[in-house]
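Everything on this sheet refers to the single structure shown next.
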Ligand SMILES: Cc1ncc(C[n+]2csc(CCOP(=O)(O)OP(=O)(O)O)c2C)c(N)n1
Ligand SMILES: Cc1ncc(C[n+]2csc(CCOP(=O)(O)OP(=O)(O)O)c2C)c(N)n1
Ligand code: SF4
Ligand code: SF4
Ligand SMILES: [Mg+2]
Ligand SMILES: [Mg+2]
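Take a look at the structure:
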């Protein structure tokens, strides 16, 4: 609740202070419903007109034992009257439903931040499970924070006392009590939440009633309790007009794929195998059969992408989604797709590696793997969305390029984009790019590898077309007949042609646009989900007078034309990445620019402050 | 037969001319036995004291229809009185057993070169199969060469007329007739060849007799025929004293693995799946069970390397061999080996890609794939032998580093090294590096990830050791306990430690040694099988006064310490590779040196002349 | 696979299915005969030429699609069933054929094979079993007999082999048949029946690799002795075989035995019932040295076909929804600014 | 797997096999019960603790090795059999256990599973079949019943499932058994017998995932009805089941049927013979809705064990050769210079 342009006014009984932005984190046991609390509060924030950024954080276990650190689930929200670029570096308000949640999250809370806890949950058993030798609520160890201990469990139980519910059922309503309290605290309209409760529990009126009551009790508690002296309000942000919805990266990616294939007039065929954090794409697309979407849960990743490639051969747009080890397993088939020059979109929702690694955490460590992770020379197009909503646009772009150039296209998302969400201006289908797929039908002069002079794409000639019968395969082909050829010069020509085709995609890549001065002390180059943190840091640094600009790459292969010139206009080039320095290698090799890596590999995103600090160190006395 | 310091003397009836070096190629139908002819002639050359280099060239089909271009099999030999670095750019003598062999090979023959053909094979049917509209022996189209048409088939048949053999059997002796003729031509001792015939056909005395006769007939024909006016002799080369054998890269690699594991006192466990051109390693090791070698032909490449990793876990040295698509399939398991820090040697016998590509041709296009082809940050050691015999040394080195640093090590050979051969000075086992494997046995203070301060290697604690029971796995581990940990800072520490461990291997990598001037106009940097061509070109260029040096990298990850300084001492850096420019990317990214790629990707090695020409172009008027 | 469409086009001939590519198997290879028979059968199936797709993996056998003038995809070692699944699910109107070898299907491709069988896609799988790796020049395969000496097993193999039909039955296959490269008529008939089956048809074609495993099936092809070693199956017929048709198969408890017909009444013999899975297992298991090798259709049952189920779900979804893209994009909670 | 060594060390107890790691399955998960029974059996097997190795893939079930205080390797999804093969072939003295799930073993890992079975390595495979993907939060698996509605099949699955024991038999397994998480004694007994088998032992453990597939095996665990649905197999005993033990299984031609014991003489009932493969197929196939589910050891035969064959070849090779490294390096044609 920093930088608040405060000014208390009074609505209802308690005064209201106005703030620019608030970062709040809800944390509790996996069973405590913190994801629901968080997303409901998010929705009430956007309805109130704030710009927002969110970050859920799930435990790796399905159901870790209650009360343990392993079972803590969190949800962070940054809501603001200005443009929001990240979910916030550090929460200013922490809601901790039990000792484990407190222990796992306290170090992130800003000094002096508000700490709402459920008193009853700090019993001996839970304290022990969390490894607290003494009760932190009473041992003075929380003196650096604004402690707001609330009898959440007891008050919820009281509010629902006369309902015929088990103890367990009652306690599951704690989260709506908490939500009510927080909604009061931030002066939020209650109606939308109540409406949601009604919808959510439409099939179980008893639970509907219970959760309504819990919510109202929490809200009333804020109003009446001595603990809370005032409320806060974050005014609406200046947001471009339009109709918005809150969307996660995985959802946006699904919709992008569907919208693009509808525009192209193609069936969308997803061949996939479940894996965290990509599985939700499979789940969501599985429900869209009406949109000519077929999902195929294959026996493994190899079969998933194999089926997708078969579908592309047969005239659909084949897509395969995966993460972590799934990427390794798909490489052989991607090589075949490169060789047979069929369209294919592969979505890699990156997670912590190597090996099984940190399956539920985010990372950007697959860039070199998707670029080079296949034997032989097998170039592909690589795109990376920079925010949850951008997953929509880049999914559309992936489909468009795959069809236009008859090539596999990699879409590099990550766990942070996949599960994070942001408001998304709902696009109108007609405004999407025009991208009809064209199948070859004319047998006259047909050769499987006869190329379009503009794109070097070969014709898409699908089974069922009379007169175009032909065979594709992984052995080197003669140009243009497609017959098997072991001839040395033909091989050289084909290898170079495939490379040139991918290089040609640069004609479809927008020129690099920097945010900030055209030349200056430092250019920060990023890709993927680091967008928000880098942009916010750039603005903060600029505000402090640094001549710093930000360039975010959404096309990683081929790189935009003219990129080298841009890089050379700055004294220093810094490349923050959630890996050991992968993009920076490409830039250095390609442009011989002494770009410097800034790497963080902790399974969690950069903080704005970290990037600011790194730039300051880099520039040093350079001011 | 260029650059001959000629001087005819007379042995026997016809005069003998002395030459420095000769490049000869034997070509025929797969069934014609040209590989045997070639290797027999090779052996007689080394016995005569020449230095040699060889290059066999097999057809992709098992048995292509006889007489077709697809069925042509070739074997090239360079034998010399000086140091031999390559099998020679272009043959000066071509033996073509049929029209298809002529057609497929003629363009390589130097102008004015000698062309020995079997007249009878140039019949209508064969000419048609090879696509000759007219008989080249008679239509004047071969006027640029020294045509030596011999009735090989007829003479062989005559020589064997009184033997009770089928026509097919008789004609299968043509190759020994040819060998006899060529042995005469180059003034070779006949005894070793006859001894080999005796050994080879020991079980079939009729064939023994037939081949002896055919050989003698060929030899006699040279002496008596009008066609041949003189013989040639290539004097012995100045070769370091020692006992030698001719060895292919695949054989040397096998012996290196066996010698190293014997030195280390470990069982050698090969988990593999057949694939060209790696299969022969499986075949050869399968016959060495007495040396504590276990070979396991698995159901696929994944199982092959999985079993190898299991073997390493259990206390053997796990090895997996493959090529082409097999590399893609092994990547997930290599990631697990990186994470669990177990020793493992993976041999990639590179072939033409992408996808199935050119399975029987050579290429160097897997370098980036083995470096980066795994999701997450998964660094490994990468070594590359530079000649067939060097495969022995680098295999020993791979095993040594894998054990010392507890890490997967990639050995990057290629089709050219694998099947090519050269004389190898047979090493004495005691002279091999001392490299005993050490298993942890002491339970006191044991932790699975407690590291050796010198190497950062974790202990190798194998099942069956009381008190060291522990669990390994692919999820991130806590340092040093090895317990599952999702903690952000632990992950960062582990990722960086794994990277540092591989970087530390540089302490075992010899400082870069250039061949040629310490500084100069141009440094040619190569790796792998291009060694010979680059070295020969460097010498030729130096002889012409160019200040050119050659640096050949056998350690590709980590690179040798001080490499950047070396590169910067030359005005230009040229990197010839049989790929689209992979090492050059690493050098540019790492050292910001404007190294220039010289790429050839035709499934066949560089010629010395090509590299010379490229350097001349690069340096231009720079003289 | 059942006929997917009948064609009003001019009758096709064998030549229509010969591509312009030079056939590059070794002279004498059993693959030639199989190719010829398949090319003879294809014109009769009532499927337009452009609706055939031949999908293969890698191996000598997997070169097959290049020689058939239809659509074809020579894919990756072992992956043909996966790729064919994507083709068939996208385009159920196509007649999809998978050509594979014992290494391709049963070694590296085992998983995809068993999964396409359990899902029962309407495809035809022709497995050319030569009990060896041909293309990689002679290593033993998962169907090689124990003790086999090959390049990779100089001391003899120690693996117990798969029986392809037993494995396929274990994977819930709905059509199982076996035939031999050199039995032209029988091969044609089996291929026709595989095509006629709606669901995944699994056909093991015993194929001689005269280079690396010559004579592997001599006992089944040698004129002198083959009648004693082949058990030709016909639905509803008792299981009789032998040069004089003097031997039969009957049950002894739950175990089969060979009996001499003179000593045993014909009524005791097993009668072939392709719909009985227990019988199918018994037959799929049967073979030398104590039994003849069953040839023909061992098993055929009807079970829901994967792509039919998919089509039903798609229709139902389309009936439920008008697939309005704008509505999809705007679904869920939304709010309007400005 | 047979006992590989007997230990003279102090008798071990269940506690010796409990690792210091916190068990992290969902409360109520069937995996707890399986873990407890296995920990109870291990001390009795006469194998020193350090000679056990538990190898697993990825899945909830595959976390098992972390909780057993022996050597363990939590490997890659589906790859445990491959990795275990390398361990066993390197160190036949170890007692190797593979713990896997229905997704791990039958979906991504199907190929390695069938190959380790056909090779018959002396390992014990425990497949925890909960008919769902637990760890990835509830997608259907290759053993889920048709029509199953899950996250990835909102309209119901259209795959026909595998029967794990049928597939294993198709892959030439030499030991097949089935048990249930909650039947402590039965589970212990089956695990003991799996260990005693020399060769690959394949055990399907029906396991309740109370989060994503709760109650999948209620008919086999509910006290009221389980007797009517379980067919407990005992070698040499007739197949009788039911609350009043009033029902039995007999053959009707080549098809099994359930009969009421009142109407049928006991002598007509099938008698369990674990050595009969045809019977094994019949039992492995058997299940609801028309039949009870067989539990116990369905099949057990002796067949050469892969690593035994390997050991023989190694001994023979060592007898033939003195393994002189210098001689090996210098083998073949050589020549001396200078
Ligand atoms: C991933 C991969 N691994 C290995 C190979 C090498 N390879 C090609 S074909 C083959 C085996 C062929 O055997 P089979 O399927 O029986 O076919 P056949 O040649 O006998 O007809 C192998 C191992 C490959 N091409 N790709
Ligand atoms: C290569 C790879 N693909 C996918 C995954 C994701 N994944 C982990 S466990 C699992 C399925 C688990 O199902 P099952 O084997 O039945 O185990 P359960 O959790 O039900 O015990 C999947 C798909 C992975 N870890 N690795
Ligand atoms: S190697 Fe064998 S299977 Fe392959 S083409 Fe030759 S004969 Fe046929
Ligand atoms: S998800 Fe299911 S299988 Fe996994 S631990 Fe929880 S209850 Fe057990
Ligand atoms: Mg084969
Ligand atoms: Mg499961």
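Chains as they are written, first to last, in this note's numbering: chain L, 28 to 650; chain S, 28 to 650; chain H, 32 to 369; chain Y, 32 to 369. Where is the CB? At the ideal position from N, CA and C, for every residue including glycine.
Item                                                                                                                                        : Value
Three or more C-beta pairs below 8 angstroms linking the segment 113-129 of chain L and the segment 41-57 of chain L                        : yes
Local conformation of residue 200 of chain L per DSSP, three classes                                                                        : coil
Paired residues, beta bridge with residue 582 of chain S - DSSP                                                                             : S:410
heavy atom of ligand 8 below 7 angstroms from residue 138 of chain H C-beta                                                                 : Absent from the structure shown: ligand 8. Ligands present: ligand 1, ligand 2, ligand 3, ligand 4, ligand 5 and ligand 6.
Residues that residue 150 of chain H contacts on chain Y, provided the C-beta gap is smaller than 9 angstroms                               : 189, 190, 191
Proximal residues of chain S, C-beta to C-beta of residue 308 of chain L below 7 angstroms                                                  : By Cβ distance, chain S contributes nothing, its closest Cβ being about 17 angstroms from residue 308 of chain L, past 7 angstroms.
Distance CB(residue 406 of chain S)-CB(residue 365 of chain S) smaller than 8 angstroms                                                     : yes
heavy atom of ligand 6 below 7 angstroms from residue 440 of chain S C-beta                                                                 : no
Residue 130 of chain Y in three-state terms, based on DSSP                                                                                  : strand
Nearest candidate by alpha-carbon position, reference residue 359 of chain Y, set S:281, S:222, S:368                                       : S:281
Exposure label - residue 455 of chain L; buried when at least 16 CB within 10 Å                                                             : exposed
6 angstroms CB neighbourhood of residue 187 of chain H in its chain, flanking five on each side removed                                     : 178, 180
Host beta strand (DSSP E) of residue 262 of chain H (start-end)                                                                             : 261-263
Inter-stretch contact at 8 angstroms, needing at least 3 Cβ pairs: the segment 200-220 of chain Y / the segment 325-338 of chain Y          : yes
Residue 309 of chain L to residue 556 of chain L span [Cα, whole Å]                                                                         : 21 angstroms
Ordered list of alpha helix (DSSP H) runs contained in the segment 273-326 of chain L, each at least 4 residues                             : 276-291, 306-313
Range of the contiguous alpha helix (DSSP H) that encloses residue 652 of chain L                                                           : With chain L running from 28 to 650 in the structure shown, residue 652 of chain L is simply not present.
Nonlocal neighbours in the same chain, by C-beta distance under 8 angstroms from residue 198 of chain L, ignoring five residues either side : 180, 183, 184
As assigned by DSSP and simplified to three states, the class of residue 37 of chain S                                                      : With a pLDDT of 43 at residue 37 of chain S, under the threshold of 50, the predicted position of this residue should be treated as unreliable, though the coordinate-derived value follows. Residue state, collapsed to three classes: strand.
Chain S contacts made by the segment 59-82 of chain Y, where a contact means CB separation under 8 angstroms                                : 79, 80, 81, 82
Three CB pairs or more closer than 8 angstroms across the segment 95-114 of chain H and the segment 136-150 of chain H                      : yes
Test item: CB-CB of residue 362 of chain S and residue 402 of chain S under 8 angstroms                                                     : yes
Listed by chain order, chain Y residues near residue 313 of chain H by CB distance under 7 angstroms                                        : 309
Closer than 8 angstroms to chain B by CB, residue 364 of chain Y                                                                            : This model lacks chain B altogether; the protein chains it does include are L, S, H and Y.
Test: residue 110 of chain H CB closer than 8 angstroms to a CB of chain L                                                                  : yes
For residue 148 of chain H and residue 247 of chain H, believed in contact at Cβ under 8 angstroms, the rounded distance                    : Actually they do not touch by this definition, with Cβ atoms about 25 angstroms apart.
Unbroken alpha helix (DSSP H) run spanning residue 357 of chain S, endpoints                                                                : 352-367
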